[in-house]
Structures are given as structure tokens and as C-alpha cells.
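Participant:
2 protein chains.
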Amino acid sequence: MVKDKEQHPIKEKKLLVSLIWNFSTELKLIFMALLVIFTLATLLPFIPSSFSLSTSDFRFCISRFSSAVPVNTTTTTEVLPEKKTATELERVLANGVIKRTFTGYGSAAYNFISMSAYRGGVNTFAVIGLSSKPLHVYGHPSYRCEWVPLDPTQDPVSTLGFKILTDWGYGRIYTTVVVNCTFPSTTAVGGNLILHATTGDPDRNLTDSIPVLTEPPNSVDFTLYSSPKKKYDYLYCGSSLYGNLSPQRVREWIAYHVRFFGERSHFVLHDAGGIHDEVFEVLRPWIELGRVTVHDIREQERFDGYYHNQFMVVNDCLHRYRFAAKWMFFFDVDEFIYVPEKETIKSVMESLEEYSQFTIEQMPMSSKICYSGDGPARTYRNWGFEKMAYRDVKKVPRRDRKYAVQPSNVFATGVHMSQNLQGKTYHKAESKIRYFHYHGSISQRREPCRHLFNDSRVVFENNPYVLDTTIRDVGLAVKTFEMRTIGNRLLRTRQ
Amino acid sequence: MVKDKEQHPIKEKKLLVSLIWNFSTELKLIFMALLVIFTLATLLPFIPSSFSLSTSDFRFCISRFSSAVPVNTTTTTEVLPEKKTATELERVLANGVIKRTFTGYGSAAYNFISMSAYRGGVNTFAVIGLSSKPLHVYGHPSYRCEWVPLDPTQDPVSTLGFKILTDWGYGRIYTTVVVNCTFPSTTAVGGNLILHATTGDPDRNLTDSIPVLTEPPNSVDFTLYSSPKKKYDYLYCGSSLYGNLSPQRVREWIAYHVRFFGERSHFVLHDAGGIHDEVFEVLRPWIELGRVTVHDIREQERFDGYYHNQFMVVNDCLHRYRFAAKWMFFFDVDEFIYVPEKETIKSVMESLEEYSQFTIEQMPMSSKICYSGDGPARTYRNWGFEKMAYRDVKKVPRRDRKYAVQPSNVFATGVHMSQNLQGKTYHKAESKIRYFHYHGSISQRREPCRHLFNDSRVVFENNPYVLDTTIRDVGLAVKTFEMRTIGNRLLRTRQ
Chain Y
2 MVKDKEQHPI
12 KEKKLLVSLI
22 WNFSTELKLI
32 FMALLVIFTL
42 ATLLPFIPSS
52 FSLSTSDFRF
62 CISRFSSAVP
72 VNTTTTTEVL
82 PEKKTATELE
92 RVLANGVIKR
102 TFTGYGSAAY
112 NFISMSAYRG
122 GVNTFAVIGL
132 SSKPLHVYGH
142 PSYRCEWVPL
152 DPTQDPVSTL
162 GFKILTDWGY
172 GRIYTTVVVN
182 CTFPSTTAVG
192 GNLILHATTG
202 DPDRNLTDSI
212 PVLTEPPNSV
222 DFTLYSSPKK
232 KYDYLYCGSS
242 LYGNLSPQRV
252 REWIAYHVRF
262 FGERSHFVLH
272 DAGGIHDEVF
282 EVLRPWIELG
292 RVTVHDIREQ
302 ERFDGYYHNQ
312 FMVVNDCLHR
322 YRFAAKWMFF
332 FDVDEFIYVP
342 EKETIKSVME
352 SLEEYSQFTI
362 EQMPMSSKIC
372 YSGDGPARTY
382 RNWGFEKMAY
392 RDVKKVPRRD
402 RKYAVQPSNV
412 FATGVHMSQN
422 LQGKTYHKAE
432 SKIRYFHYHG
442 SISQRREPCR
452 HLFNDSRVVF
462 ENNPYVLDTT
472 IRDVGLAVKT
482 FEMRTIGNRL
492 LRTRQ
Chain S
2 MVKDKEQHPI
12 KEKKLLVSLI
22 WNFSTELKLI
32 FMALLVIFTL
42 ATLLPFIPSS
52 FSLSTSDFRF
62 CISRFSSAVP
72 VNTTTTTEVL
82 PEKKTATELE
92 RVLANGVIKR
102 TFTGYGSAAY
112 NFISMSAYRG
122 GVNTFAVIGL
132 SSKPLHVYGH
142 PSYRCEWVPL
152 DPTQDPVSTL
162 GFKILTDWGY
172 GRIYTTVVVN
182 CTFPSTTAVG
192 GNLILHATTG
202 DPDRNLTDSI
212 PVLTEPPNSV
222 DFTLYSSPKK
232 KYDYLYCGSS
242 LYGNLSPQRV
252 REWIAYHVRF
262 FGERSHFVLH
272 DAGGIHDEVF
282 EVLRPWIELG
292 RVTVHDIREQ
302 ERFDGYYHNQ
312 FMVVNDCLHR
322 YRFAAKWMFF
332 FDVDEFIYVP
342 EKETIKSVME
352 SLEEYSQFTI
362 EQMPMSSKIC
372 YSGDGPARTY
382 RNWGFEKMAY
392 RDVKKVPRRD
402 RKYAVQPSNV
412 FATGVHMSQN
422 LQGKTYHKAE
432 SKIRYFHYHG
442 SISQRREPCR
452 HLFNDSRVVF
462 ENNPYVLDTT
472 IRDVGLAVKT
482 FEMRTIGNRL
492 LRTRQ
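Chains as they are written, first to last, in the numbering used here: chain Y, 2 to 496; chain S, 2 to 496.
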């Protein structure tokens, strides 16, 4: 029996061991398999092999190398050339010819500098920016627009961008470009607008894909584009203000025009360095009343275009406020709009309603010689437009026109008028509306009057002038208006 | 005993199960731990987290995204701005002002396009390339040169690059730039020359560091720069050849000038598309004899400069062969150099030895009207310069001068002469050396003669011409020379 007793344990141990062994073998196999799989998966991304580039790698890199470029968004698509070093720049061909190569480094001018993009209808957008001037003169850059709906069930749509060079002939390193992106059909609200800008390099096709607009869902009401009701009747789009401007002149200009254009008007000024602290103080009361908006555009100074990129700036203003105003005015802060006494701005604009655009004739005023009819002391205290009352009668008035447009019909603003609009343009409005130009008065920080006269006709520096008190005559009304509207906060403003 | 027998199995089963359980539990734990670790390791690279960039990432990406840039060599140093998306392009400041931003994308014009760099002495180098034209007109690009010796015990040295704009006023998108890098003291042979090119962006300082020259150890013998002995007496640097050139005209030109300049001369031609197969065939015998070298510069067409970047090309030629020739000539392949019969090119050049440069006056020939003195059949078989023997006597000869230089004194070539050289320039060599210009003859692929005359004076299209057989008279000698030198290989050459 003892044997029996002894036999059993042995058998059982064998059984036990074999069972464990079999069991753990299976585990080992599974475990080894997993080890191999995970190890491969772990090492794969670090192997610099030539497997095709996945989107994730792409974004991963872009996010680190594109200078001022949003993450995951700008890509330059091209055939990658083989690497060259200084010593590999040439080779001798079989026929003895020395094959030379040329390698480009860095960027002297960006392909596109994005300022803004705005929806302009159910299926159309405008992109405003700068691009290399000689590229547009000698090269063949092109633009393609892509709308990527936020709704993943909707496919992106693409269309050819229509390029408008609004300051043609004026650019320096950069020229202003407005790209009109009109899609074949309605683009649902909510999405990203991508501008694909191609330089047209004959050898390689360099394309930058630029996210120019991100439209949140339900952020747009399409009735905006059809409704005749606008937030403002008149909106002023100023061009780039720069230099050491006179606070007093700016004070006079804004007071005059806020009164002139009335309650339902708004003024957009662009600060390229000209709205220094003292100038900002004369604007502050009007900003607080919601009559003035200032855009700080100083950063554009980095990009050398025409006069502080004024064409880009006014085109941004056009498209930004395009459906917020019935009429938009484009003139400078040394210019004063005027309508005959029997008229009002309202009556005049109603009479011009059939036109998409009209140009405004200049009345050139001297900003040196002044009318002293009120006596020297009073003259000194007078506002600029009260004393600078002599009009240059020699200067050709047709020169240097300014203009107003019904912006919903306009696709881009231009030099002295828009050349990209639908509808009629009127050039004979001089009997209804004009502007008085005090050239150079805004940028001198001192008493403007260099010489005083009180005759109705004077000749100064061999140039004939006549006394024209048109603007002077409303001086009191403007001062009173300012006092009533913002009080005496600006009384101590300096020249 | 039966009980006993029955008890055992139960105990043993319990033991067995528990053992297996414990064992497999441990395995499970290890296995789960490994699973977690490897899963993390696997997913890590794909998580767009903001861990800092390692060099390997850097190279990994650069090699995929920098356009024509050698790996690890070009870096654009700048402060990286915070990422922006389309919606973050503006913000409202405390005072109500809307702060606008501007974002640049891509490259419309490279900061610098490197063609070549050559050592020009014990401590001086020349770098030849292209750069954005408006950048140089409106901007303030600058260049710094750095010499990095291969010998690690020697420190790199740095100097300001002197920029020469040799085609000032002629560029389009690109202009030719020659950067003279002269270091304060001798730069030991063997090293890398790095050109640091800065665009001068007022906001950011974008600098591209470009490896322009790799000089192997012991690859230069400094006596080269001081020795009066040169490989050639006369070297011709041709400008960019393009268009559908006439093989026969090129055949005539090269035969004439190889004979004219003699044994110790060499001809460097630059193919911008003009040396097509038929033209190459007329050059091949001379290439095989080592009298002609052709550089294929077609790749420069990608970069839109003045006339196929001819100024870059001739400056490359100047610096490449600067110490290989006593004199260098710059003129075109429709122009034939001539010295009076009593002189030889050798005697003339010796008489001009005191000058670093002299200009050559033009004799404008008609490439339409021909001299038929040999009778129509013979005239037809004549070479171009044998029959185009009528000289325009109205055209102002001073126009369109060509020139020759002693290159060791010259730092850059120019339009119709070099303006960057040391030593005297002579403009009154017309009695010693002239060139006959058959304008337009080279680029028409047909019999040039449109009208035949045999008078000594003719008026054609209201313009007076005189018979001038200066070049015509050497026709037989040139043909004989060609036959003797390369045999009859070119007999069947077509217009």
C-alpha cells in the first residue's frame, strides 16, 4: 500500500508540471508575438527610411518650421530636388559640357501677406493682402480658393480666385492684391477659406496654402447681403495715417465731418503711426461715442508697399464694412467735403442713388496764406479752415479726385476711384458735392498761417488766389456742435 | 483504503489549480504592464504635444520641406512669432483700437540664388549669384562672409561682404549680385566659405547662411595669384546664348576667332538654350581640341533676370578664369574683333598693357544687304562675313562698346565695361582694335542676304552704307585655317 501511496504523488507532480508548462508556453507565445509587434510599432517613426510622408509627419514638421504660419495649414508643394552642397553645384556631362546649377535660399519677398478675408455673399468671399510686385509684373502668380465646411458630411469646394491689382503701377517691393473667390453655388455657413497661392515658378510649382478665414457655424445671416437696410448711411474709410500729424487739425476735421455726415455715419481711421498719443486724445471722445473706429495697422510697415500700403488698408475697409453702410467715402484728413447750402448730404446722396460711384472735384486751398478779416488775435485763435480761406484758382480742379461708392456694388477700391464695380459711375457731381483740400496743413505742427491778407483776390508766389469762405462760414456751427456733443474736453488741443 | 485513494485526487487538484492560477497571475501582471508601456511608446509620436524639438526632428523635416536647400546648412534665424489662425489676426486693445496683424506666407523671390564662389587671393573670395531686385532698390540687404577652416584648431573668421550690383537698373525679378569677401588676413587653404545674407526686414532680421564654397585641403597654390605666367593669353567670356541660333554663323564666328586669337587663347560659351544640337555640332571639333568650353546654364531660366542672367554668367566667367588668362574679352557671337593688317593681336595687346581695361568701338554692318561682286552663285556659297560687307555709316559708332580687361585687376564685369577694377581704363583704342557687328545675323536661320549690290556706296531704306571688305578679305584664310585644323567635318553645316 505504501507503494501505492508513493506512486500517486509522482504521477500528480508530472501532471502538474506538464499542465503548467503547456499553459505558460501559450502565454509565452502570445507575449512574444505582442513584444515583436509593439517593438516594431515603437521604433517605426524614428527610422529615417524613405517611406511616404504621412499627414501627421507633415503637420508635425510644418508646425515647427513655417515662420509666421499657423500650425497644420501652410504647405509648399513641389518636387523635392536632391540635396546639393557647395561642391556639388556642377558636373561635367559626357559631351564635355559643364552642367551648372543654381540654388535658391531664403525669402526676399513673401509670396502672399494676408491681412483679412470677408464673406461678400452666399457664395463669394474677398481676400485682401500683399504680394511681391515684380512677381506680378514679370511672373504669373495665380490663386485658387477652397471652402472647407466645418460640417464633415459636406465636401470642400474649390474655385479659381479672380485677382484684382488695385494699385497697379504703384507698388514697391509689395503690391496690393484683392482676390475675389466666387464659388459656383452657395457655401454653407461655417467653414474655413483656404487661399492656395502659386508663384508660377516655371521649373517648380510652389504653392502656399493659406487659411484666410475661419467662419464659425451659424455666424452669418444671409439676409444681410440682400437687405436694403444698413447700419450706417455713410461710412468714411480713411487711408493710412502716418507722420507727425497736427492734433488740432485732426480735431477740426473730425468735428466738421461728424456734424456734416450726421447721426447715421461712422468713421474708420487707420493708424500707420500718424495717430500718436496727442492725436488719439482728440479722437477719444468720438471713439467713446461710437462715432469713430481706429485700426492700428502699424505692423504693415514691415512690408514695403505704396504709401504705407494704403490700398490694402482701404480695400480691407471696403470689404469689412461693405454691408454695414449705404455709401462709403474715400478721401483724406486734409480734405473737407461740402454740399451747397440749399442742399443737405441726404438730399445730394438721394439724387445720386442711381450711381454705384461718383467722383468728387477738388477745391485747392492754400495752407500757407490766411484771411485776417477777424483781426490778428482772433485769427490766431481761429480754426484752420476758418483762416485758410484762399483758394488756388490756377490749379486744374480735375486733378486728384476723391470718390464715394455704394459698397455692395464694389469689388475693390482703387487710386482715385474704383475700377472694379457693377453699375454706373458719375463724374459730373461738382454742382452737388465738392471737397476743399488744405494740402500739407495736416502734417505741420505749428500755426499754419505764414502770411495774412484780407483782400478778396491775392497773388502769392506768382500764383493767383481768391477768397473762398465756404468752409470758413460753418466754423462757428462746427465749434458749437463739438462743444454740445463732447463738451470742452478738447479746448486745450495744440497745433 | 478506498477512502484514502479517493481523498488524494481532490487535494492534488486543489493544489494544481491554485499553482496554475498563481503562476498565470504573475504572467498576466507582467504582460499587462508591458502592454501599457508599449502602447504609450507607440502612440507618443503621434500626440501633437509641445515637447521641444530635437535635432533629429529638425533634419527629418528640413529634408522634406526646404525647397532647394542643402540639409542642415541653411538656417533662417528669426524670432518665431506665436502661432496665428485666421481668426486670431486681430484683437481689440484696452483703448478700443483694433490691433491688426499681417502674416507672410511662402517665397515670391529668393533672398539669394547661389551660382558660384571662387578664391581670388590669399584672403579674398568672390561670390556670384542673384537676389531680389526690389529688395536691393527699396530694401537694405547686407552680406557677411565667414571662413570656417577645415583645421579644427583654427577659429572661423568673419568679414563684411562688399556688395557689387553689376547690372544696376537692368534686373527684373532678380538682379545680379557679386559679393566680394576680403578678410583682414590670409585665410588658410582648406575650409568652407559661408555667406550670411540678411534681407534687412525692419521687423525681423531674416538671415540665410549659405555654404557657397568648399575648399579641400592643399587644393590651392598661392603663387597662382602673384605669378605673371598665365595658362592663356586671351580668354573669351561669352554671355548667355539663347534662341534658335544659326549653326553656320556660329561656325564662321568660332573659326574666325580661334584663328584670330591664336594658340594661347580659349573660348568659354554659355548655353541658355541657344546651343541646340546643330550648333553644338559646329562647336564639338573645337571642344575636342580643347579650344572651347561650354557651360550649360539653362537652369538659370527659372530666375527671371536681365537677358537670361547674362551679367551673372559673365561674372562667373570672370572669377572662374580670373587667374588663368592675361586678358579677357567680352563681346557677342555676332561681333568680329579686328586689328589693322600691320598689327597682330599680340602687338596690339602689348601696346595696351599699361591699362587694366580698354573699350572697343563698333563698326555696324548690315546683316540684310550683301556684296555680290563674286557673282550670285559664289555669293550664295560665301560665308556670312564675306558677303555682309556693307557698313552703316549713319549709326553713331560710340554706341554699344565692348571691352577687354586684365582680369586680375577686375572685381566685377559690367554692362559695356567693368566699373569695378583697379588701374586705368582706355577709351581711344579705335585705331588699334575694333569690332564689326552683324546685328541680328546670328539669330536668323536662313540665307542672310535679302538684297544684293556691288557698288561701293549704296543707300538702302534711306540709310547710307559703304562697302567695307575688312573682314571679308580674311574669308579665304579663315576657311583654310578651319580645314587645316579640324578637317572637313563642318562642310555640310546649314544656315
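Where a beta carbon is used, it is the ideal one built from N, C-alpha and C, also for glycine.
Since the structure is predicted, the reported quantities are computational estimates derived from the model, not experimental observations.
For the stretch 148-167 of chain S against the stretch 104-115 of chain S, are there 3 or more C-beta pairs whose distance is under 8 Å?
Facilitator: Too few Cβ pairs lie closer than 8 Å, so no.
Participant: Reducing DSSP to helix, strand and coil, say where Ile-255 of chain S ends up.
Facilitator: The answer is helix: DSSP assigns Ile-255 of chain S an H, G or I state.
Participant: Quick one: complete beta strand (DSSP E) runs, 3+ long, within the stretch 364-445 of chain S?
Facilitator: Fully enclosed beta strand (DSSP E) runs of 3 or longer: 370-372, 391-393, 403-406, 411-413, 435-439.
Participant: Just curious, the beta strand (DSSP E) that His-267 of chain Y is in, first and last residue?
Facilitator: Note, His-267 of chain Y: beta strand (DSSP E), 266-272.
Participant: Start and end of the alpha helix (DSSP H) containing Tyr-237 of chain Y?
Facilitator: Segment 233-242 is the beta strand (DSSP E) holding Tyr-237 of chain Y; no alpha helix (DSSP H) there.
Participant: Under the rule that 16 or more other beta-carbon atoms within 10 Å means buried, what is Pro-341 of chain Y, buried or exposed?
Facilitator: It counts as exposed.
Participant: Starting from the Cα of Leu-136 of chain Y, find the closest Cα among S:Thr-414, S:Val-295, S:Ala-109, S:Phe-103 and give me that residue.
Facilitator: The shortest Cα separation from Leu-136 of chain Y among S:Thr-414, S:Val-295, S:Ala-109, S:Phe-103 belongs to S:Ala-109.
Participant: Can you confirm whether the stretch 266-284 of chain Y touches the stretch 292-302 of chain Y when touching is taken to mean that 3 or more C-beta pairs between the two stretches lie within less than 8 Å?
Facilitator: Yes: the two stretches touch, three or more of their Cβ pairs being nearer than 8 Å.
Participant: Just tell me which of Y:Tyr-427, Y:Asn-124, Y:Phe-461, Y:Ala-326 has its CA closest to the CA of Lys-395 of chain Y.
Facilitator: Taking only the C-alpha atoms, the option nearest Lys-395 of chain Y is Y:Phe-461.
Participant: If I follow the unbroken alpha helix (DSSP H) through Phe-281 of chain S, where does it start and stop?
Facilitator: 278-289 is the span of the alpha helix (DSSP H), which, as asked, contains Phe-281 of chain S.
Participant: Where DSSP assigns a beta bridge to His-296 of chain Y, which residues make up the other side?
Facilitator: Answer by DSSP bridge pairing, in chain order: Y:His-271, S:Ile-99.
Participant: So, is the C-beta of Gly-97 of chain S closer than 8 Å to a C-beta in chain Y?
Facilitator: Yes, Gly-97 of chain S lies at the interface with chain Y (some Cβ there is under 8 Å from its Cβ).
Participant: Output needed for Lys-164 of chain S: all residues of its chain with C-beta closer than 7 Å, excluding positions within five of it in sequence on either side, in chain order.
Facilitator: Excluding residues within five positions, the ones whose Cβ falls inside 7 Å are Tyr-144, Val-178, Val-180.
Participant: Is the CB-CB distance between Phe-454 of chain Y and Ile-346 of chain Y below 8 Å?
Facilitator: Not closer than 8 Å, so no.
Participant: Run through chain Y and tell me which residues come within less than 8 Å of Asp-278 of chain S, C-beta to C-beta.
Facilitator: Going along chain Y, no residue has its Cβ under 8 Å from Asp-278 of chain S, so there is no contact; the nearest lies around 10 Å.
Participant: Comparing the C-beta of Ile-174 of chain S with each C-beta of chain Y, is any distance below 8 Å?
Facilitator: Yes, its Cβ sits closer than 8 Å to a Cβ of chain Y.
Participant: Excluding sequence positions up to five away, which residues of its chain have a Cβ less than 6 Å from the Cβ of Pro-365 of chain Y?
Facilitator: Same-chain partners within the cutoff: Asp-393, Lys-396, His-438.
Participant: For Gly-498 of chain Y, count neighbouring Cβ atoms within 10 angstroms of its own Cβ and tell me buried if that reaches 16, exposed if not.
Facilitator: Outside the displayed range of chain Y (2 to 496) lies residue 498 of chain Y, so it cannot be described from this structure.
Participant: So the alpha helix (DSSP H) His-137 of chain S belongs to, where does it begin and stop?
Facilitator: Residues 134-139.
Participant: Ala-256 of chain S and Val-479 of chain S: beta carbons closer than 8 Å?
Facilitator: Yes; because the gap between Cβ atoms is below 8 Å, this pair is in contact.
Participant: Does the CB of Val-259 of chain Y have a neighbour CB from chain S at under 8 Å?
Facilitator: It does not; no Cβ of chain S falls within 8 Å.
Participant: Taking 8 Å as the threshold (beta carbon to beta carbon), is Met-329 of chain S in contact with chain Y?
Facilitator: It does not; no Cβ of chain Y falls within 8 Å.
Participant: I need the boundaries of the alpha helix (DSSP H) containing Gly-476 of chain Y, first residue and last residue.
Facilitator: Residues 476-487.
Participant: Just to confirm, is the Cβ distance from Cys-238 of chain S to Cys-318 of chain S under 8 Å?
Facilitator: Yes, they are a contact pair.
Participant: Whole angstroms is fine: what's the gap from Thr-360 of chain Y's alpha carbon to Asp-401 of chain Y's?
Facilitator: So the two alpha carbons sit approximately 10 Å from each other.
Participant: Using the Cα positions of Ser-133 of chain Y and Arg-173 of chain Y, report the straight-line distance between them to the nearest angstrom.
Facilitator: Distance between the alpha carbons of Ser-133 of chain Y and Arg-173 of chain Y is about 8 Å.
Participant: Roughly how far, in whole angstroms, is the beta-carbon of Leu-332 of chain S from the beta-carbon of Ile-472 of chain S, given that I think they are within contact range, below 8 Å?
Facilitator: According to the sequence as given, residue 332 of chain S is Phe; it is not Leu. In fact, because the Cβ distance is near 14 Å, the residues do not count as touching under 8 Å.
Participant: Note down the Cα distance separating Lys-369 of chain S from Gly-201 of chain Y, rounded to an integer number of angstroms.
Facilitator: Those two C-alpha atoms are separated by around 39 Å.
Participant: Could you check where the alpha helix (DSSP H) with Phe-312 of chain Y kicks off and where it finishes?
Facilitator: 311-321 is the extent of the alpha helix (DSSP H) around Phe-312 of chain Y.
Participant: Quick one: does Gly-105 of chain S have its CB under 8 Å from some CB of chain Y?
Facilitator: Chain Y contact via Cβ: present.
Participant: May I ask which residues mark the beginning and end of the beta strand (DSSP E) holding Lys-327 of chain S?
Facilitator: Here the beta strand (DSSP E) through Lys-327 of chain S covers 326-331.
Participant: Return the bridge partner residues of Phe-262 of chain Y from the DSSP annotation.
Facilitator: Answer by DSSP bridge pairing: none, since Phe-262 of chain Y is not bridged.
Participant: Below 8 Å between beta carbons: does that hold for Ser-357 of chain Y and Val-315 of chain Y?
Facilitator: For Ser-357 of chain Y and Val-315 of chain Y, no; Cβs fall outside 8 Å.
Participant: Please classify Thr-494 of chain Y: does DSSP put it in a helix, a strand, or coil?
Facilitator: Thr-494 of chain Y falls in the coil class under three-state DSSP.
Participant: Does Glu-300 of chain S have its Cβ less than 8 Å from a Cβ in chain Y?
Facilitator: Cβ-Cβ to chain Y under 8 Å: yes for Glu-300 of chain S.
Participant: Where does Thr-160 of chain Y fall in DSSP's three states?
Facilitator: In the structure shown, Thr-160 of chain Y sits in a strand (DSSP, three-state: E or B).
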